[in-house]
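Asker:
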Ligand SMILES: [Cu+2]
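Structure below.
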């Protein structure tokens, strides 16, 4: 039974390690527009480019362009729709900009050069919330309720360390209240 618990724990640790490694290793790098890059020439279809991808948190998108003619702006959904380049949340203009997609949801980018966004130089990159699957794996090793018997006795040990302070504080308050109630009762009875 002890062996079974150890094996189970080892398996859980291994699974966790794999999940962590997978999370780190799976960050992908995407060149926006692929070989076409970030441009307006040839009317590239960035919606089509994005639709074929499954972006994840911490993936990187690279905008490659001639910085004399273009730039990259992160904008709100409304500004994306309206091609409004007047209040970008961020602007890049190196000609080779790597942007980390550090949140889930939509990331809206456009070129701020007049007319370019309206001409199609805009991209809506949606990051799926797939990473939420990883945290849910963490708690699962703990409730080893199925196995029961032998190994379970070791489990309670992590918790008692946290409890005593709060417990003692609560107890001393309760003791004080009880003592004053007793003295009050004694006074009434006397
Ligand atoms: Cu442009």
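In my numbering, the protein residues as written are 13 to 202. Quick reminder that beta carbons are idealized off the backbone N, C-alpha and C, glycines included.
Within 8 angstroms, do at least three Cβ pairs link the stretch 67 to 75 to the stretch 102 to 114?
Answerer: Yes: the two stretches touch, three or more of their Cβ pairs being nearer than 8 angstroms.
Asker: Determine the direct distance from the alpha carbon of residue 62 to that of residue 86, and round the result to whole angstroms.
Answerer: The sequence position of residue 86 within the chain shown is 74, counting from 1. The sequence position of residue 62 within the chain shown is 50, counting from 1. If you take the alpha carbons of residue 86 and residue 62, they lie about 16 angstroms apart.
Asker: Near residue 55, which residues of its chain fall below 6 angstroms by C-beta distance, leaving aside the five closest residues on each side in sequence?
Answerer: Locating residue 55 in the chain shown gives position 43, where the first residue counts as 1. The answer, listed in chain order, is 132.
Asker: Just curious, the beta strand (DSSP E) that residue 91 is in, first and last residue?
Answerer: Locating residue 91 in the chain shown gives position 79, where the first residue counts as 1. From DSSP, residue 91 is part of no beta strand (DSSP E) but of the alpha helix (DSSP H) over 89 to 94.
Asker: Going by other Cβ atoms of all chains shown within 10 Å of its Cβ, with 16 needed for buried, is residue 117 buried or exposed?
Answerer: In the chain shown, counting from the first residue as 1, residue 117 sits at position 105. Classification for residue 117: exposed.
Asker: Determine whether the beta carbon atoms of residue 41 and residue 50 lie at a separation below 7 angstroms.
Answerer: Sequence index remark: in the chain shown, residue 41 carries index 29 (1-based). Sequence index remark: in the chain shown, residue 50 carries index 38 (1-based). No, these two residues do not count as a Cβ contact at 7 angstroms.
Asker: Between residue 68 and residue 80, what straight-line distance do the alpha-carbon atoms span, to the nearest angstrom?
Answerer: For this step, residue 68 is matched to residue 56 along the chain shown. For this step, residue 80 is matched to residue 68 along the chain shown. Taking the straight line from one Cα to the other gives about 31 angstroms.
Asker: Under a three-way DSSP split, which group does residue 65 fall into?
Answerer: Position 53 of the chain shown, counted from the start, is the residue given in the question as residue 65. The answer is coil: DSSP assigns residue 65 none of H, G, I, E or B.
Asker: Is residue 71 helix, strand or coil by DSSP?
Answerer: As a first step, residue 71 is located in the chain shown; it is residue number 59 there, counting from the start. Three-state result, residue 71: strand.
Asker: Is residue 120 helix, strand or coil by DSSP?
Answerer: Mapped onto the chain shown, residue 120 falls at position 108. Correct three-state label for residue 120: strand.
Asker: Three-state secondary structure (DSSP) at residue 77?
Answerer: Taking the chain shown and counting its residues from 1, the one referred to as residue 77 is at position 65. Here residue 77 sits in coil by DSSP.
Asker: Determine the direct distance from the alpha carbon of residue 122 to that of residue 107, and round the result to whole angstroms.
Answerer: Here residue 107 corresponds to residue number 95 of the chain shown, with the count starting at 1. Here residue 122 corresponds to residue number 110 of the chain shown, with the count starting at 1. Taking the straight line joining both Cα atoms gives about 14 angstroms.
Asker: Do you know whose CA, among 83, 99, 39, lies nearest residue 89's CA?
Answerer: If you number the chain shown from 1, residue 89 lands on position 77. For residue 89, the nearest C-alpha among the options comes from 99.
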